[in-house]
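Asker:
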Amino acid sequence: MTQQIVDLNTQIQPAQPPLRLTPLTSRIGATVEGVDLRRPLPEETARALRAALNQRRVLFFRDQPVTPTEQVAFARWFGELTPAHPLQGGLDDAHPEVLVLDSERYALGVGDQAASTSYNNRWHTDVTFSAEPPAASVLAAKLLPETGGDTLWADLVGAYRTLSAPLQRALVGLVAVHTARHTFERLRQTGGDERVQALPPARHPVVRIHPETGEPALFVNPTFTSHIEGLSHLESSALLSLLYEHITLPEHVVRWRWAPGDLAIWDNRVTSHYAAADYQGRRVMHRVTVAGDAPRGFE
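For the sequence shown, my numbering begins at 48 and goes up steadily by one.
1) By the DSSP assignment, the alpha helix (DSSP H) with residue 321 in it spans what residues?
2) Work out the CA separation of residue 137 and residue 145 for me, nearest whole Å.
3) With the cut-off set at 9 Å, would you say residue 297 and residue 316 are in Cβ contact?
4) Helix, strand or coil for residue 284 per DSSP?
5) Please report the distance separating the alpha-carbon of residue 224 from that of residue 201.
6) Here's a check: name, in chain order, each residue in its chain whose Cβ is nearer than 6 Å to the Cβ of residue 336, leaving out the five neighbours to either side.
7) Can you name, in chain order, every residue of its own chain whose Cβ lies under 6 Å from the Cβ of residue 111, other than the five neighbours on each side?
8) According to DSSP, is residue 127 helix, strand or coil?
9) With residue 100 as the anchor, note down where its alpha helix (DSSP H) starts and where it stops.
10) Between the Cα of residue 246 and those of 226, 254, 257, spot the shortest distance and give me the residue it belongs to.
11) DSSP three-state call for residue 19: helix, strand or coil?
12) Given a threshold of 16 other Cβ atoms within 10 Å of its Cβ, counted over all protein chains shown, does residue 118 qualify as buried or as exposed?
13) With a cut-off of 8 Å on the beta carbons, I'd call residue 74 and residue 299 a contact; round off their distance for me.
14) Which word fits residue 330, buried or exposed, when buried means at least 16 other C-beta atoms lie within 10 angstroms of its C-beta?
15) Residue 142 bridges to which residues according to DSSP?
16) Taking all protein chains shown into account, decide if residue 283 is buried (16 or more other Cβ within 10 angstroms of its Cβ) or exposed.
17) Whose C-alpha, out of 80, 120, 124, is nearest the C-alpha of residue 94?
18) Hey, could you find the ends of the alpha helix (DSSP H) residue 263 is sitting in?
19) Assign residue 265 to one of two classes, buried (16 or more other C-beta atoms within 10 Å of its C-beta) or exposed (fewer than that).
20) Go through its chain and collect everything with a Cβ distance to residue 276's Cβ below 8 Å, but skip five positions before and after it.
21) Going by alpha carbons, who is nearest to residue 126 out of 192, 346, 338?
22) Put residue 257 into one of helix, strand or coil per three-state DSSP.
23) Residue ranges of each beta strand (DSSP E) run of no fewer than 3 residues wholly in the segment 65 to 92, ordered along the chain?
24) By how many angstroms is the C-alpha of residue 270 removed from the C-alpha of residue 160?
25) Given the structure, does residue 249 come close to the ligand ZN, in the sense that its CB is under 8 Å from one of the ligand's heavy atoms?
26) DSSP beta-bridge partners for residue 252?
27) Pull the bridge partners of residue 149 from the DSSP assignment, please.
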């Protein structure tokens, strides 16, 4: 497809230098040029980036070797930050917001070297087992394998929009239960049982409304969604399987091949993502999450 260069300054003035937004697909994802994330952002630039994130769901920045402090400062432009993770500590005392996603450390933690590349290769939306899942996530590449290790994102707004009208109507009002307990089974086996059990399940609408754009989006994922309330096990499993297959159709997905210094930010309210486990060697990423609110469905 022919990529379109969009000058965000046509929407928000002034921003120097001009931000250049290049869509990667017709529906989701764009690269952003013309900004140095290692420096303080002008307010106009931050507002332009927030508008672009609402439009494109995921934004990618090349050649931005940010420090943890710089990554945290950038993420703060999108809202208040959360601690690194409900079940894991931060990078260090100075950066409690930075979650280290280290394939080697994960393998050692669960006592299974074979798990080193498979700890995140499941479609998921971050921390939906929380009553207030993050609004956005900022991910910076720190150490990459020679090949592989791409990340894929799916557009949950587009996925809902392309369902048939009868199915759209059938989903309105349904509530799904999200839990971390089955996903973090290995953590329980290695002494983290109390932390996992302390996390109560969360209830979220199957179709949530984006609080800023008003767009409806599917809000279920195979990693944390356990079932849909009010349906039999067979009905819930069949419906969720259908939705998962639809969400991950290629036309809803953008795939990013990481390079050193890359940074991505995505709207966690309207996307799911997947880290491909197709590499050998170590992969280290730093993630910071922006606090969100309780998902709301149609009134």
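Ideal placement from N, C-alpha and C gives every residue a C-beta, glycine not left out.
Answerer: Per the coordinate set shown:
1) Sequence index remark: in the sequence shown, residue 321 carries index 274 (1-based). Unbroken run through residue 321 is the beta strand (DSSP E), 318 to 322; no alpha helix (DSSP H).
2) Translated into positions along the sequence shown, residue 145 becomes position 98. Translated into positions along the sequence shown, residue 137 becomes position 90. Approximately 5 Å between the Cα atoms of the pair.
3) Taking the first residue of the sequence shown as position 1, residue 297 is located at position 250. Taking the first residue of the sequence shown as position 1, residue 316 is located at position 269. Taking 9 Å as the Cβ cut-off, residue 297 and residue 316 do not qualify as a contacting pair.
4) In the sequence shown, the residue the question calls residue 284 occupies position 237. For residue 284, the three-state secondary structure derived from DSSP is helix.
5) The count along the sequence shown starts at 1 and reaches residue 224 at position 177. The count along the sequence shown starts at 1 and reaches residue 201 at position 154. When rounded, the distance between both Cα atoms is 21 Å.
6) As a working note, residue 336 is residue 289 in the sequence shown. In its chain, beyond the 5 residues on either side, 129, 181, 184 have a beta carbon closer than 6 Å to the beta carbon of residue 336.
7) In the sequence shown, residue 111 corresponds to position 64, counting from 1. For residue 111, where only same-chain residues beyond five positions count, the Cβ hits under 6 Å are 84, 308, 310.
8) Within the sequence shown, numbered from 1, the residue matching residue 127 stands at position 80. Three-state result, residue 127: coil.
9) Taking the sequence shown and counting its residues from 1, one reaches residue 100 at position 53. From DSSP, the alpha helix (DSSP H) with residue 100 extends over 90 to 103.
10) Numbered from 1 along the sequence shown, position 199 holds the residue referred to as residue 246. Residue 226 is the option with its Cα nearest to residue 246.
11) Nothing in the structure corresponds to residue 19, since the chain is present only between 48 and 346.
12) For the purposes of this step, residue 118 is identified with residue 71 of the sequence shown, where counting begins at 1. It is buried - the Cβ of residue 118 has at least 16 other Cβ atoms within 10 Å.
13) Translated into positions along the sequence shown, residue 74 becomes position 27. Translated into positions along the sequence shown, residue 299 becomes position 252. Correct: roughly 7 Å between the Cβ atoms.
14) Here residue 330 refers to the residue found at position 283 of the sequence shown. By the neighbour-count rule (16 or more Cβ atoms within 10 Å), residue 330 is buried.
15) Here the question's residue 142 lines up with position 95 in the sequence shown. According to DSSP, which records beta bridges pairwise, residue 142 is partnered with 139.
16) Your numbering for residue 283 matches position 236 in the sequence shown. Residue 283 is buried by the Cβ-count criterion.
17) On the sequence shown, residue 94 is found 47 positions in, with the first residue counted as 1. Minimum Cα distance to residue 94 is reached at 124.
18) Within the sequence shown, numbered from 1, the residue matching residue 263 stands at position 216. In the DSSP assignment, residue 263 falls outside any alpha helix (DSSP H) and within the unbroken beta strand (DSSP E) covering 263 to 265.
19) If you number the sequence shown from 1, residue 265 lands on position 218. By the neighbour-count rule (16 or more Cβ atoms within 10 Å), residue 265 is buried.
20) The residue labelled residue 276 in the question sits at position 229 within the sequence shown. Cβ within range, chain order: 221, 222, 223, 224, 250.
21) Translated into the one-based positions of the sequence shown, residue 126 becomes position 79. Cα-wise, what sits closest to residue 126 is 338.
22) Numbered from 1 along the sequence shown, position 210 holds the residue referred to as residue 257. Coil at residue 257, not helix or strand.
23) 67 to 70, 77 to 80
24) As a working mapping, residue 160 is identified with position 113 in the sequence shown. As a working mapping, residue 270 is identified with position 223 in the sequence shown. Interpretation of residue 160 is limited by its pLDDT of 46, a score under 50 that renders its predicted location unreliable; the figure taken from the coordinates is listed afterwards. Whole-angstrom Cα-Cα distance: 21 Å.
25) The model on display carries no ligand, and the ligand ZN is accordingly not part of it.
26) Position 205 of the sequence shown holds residue 252. Partner(s): 222.
27) Here residue 149 refers to the residue found at position 102 when the sequence shown is read from its first residue. The partner list for residue 149 (beta bridge, DSSP) reads 331.
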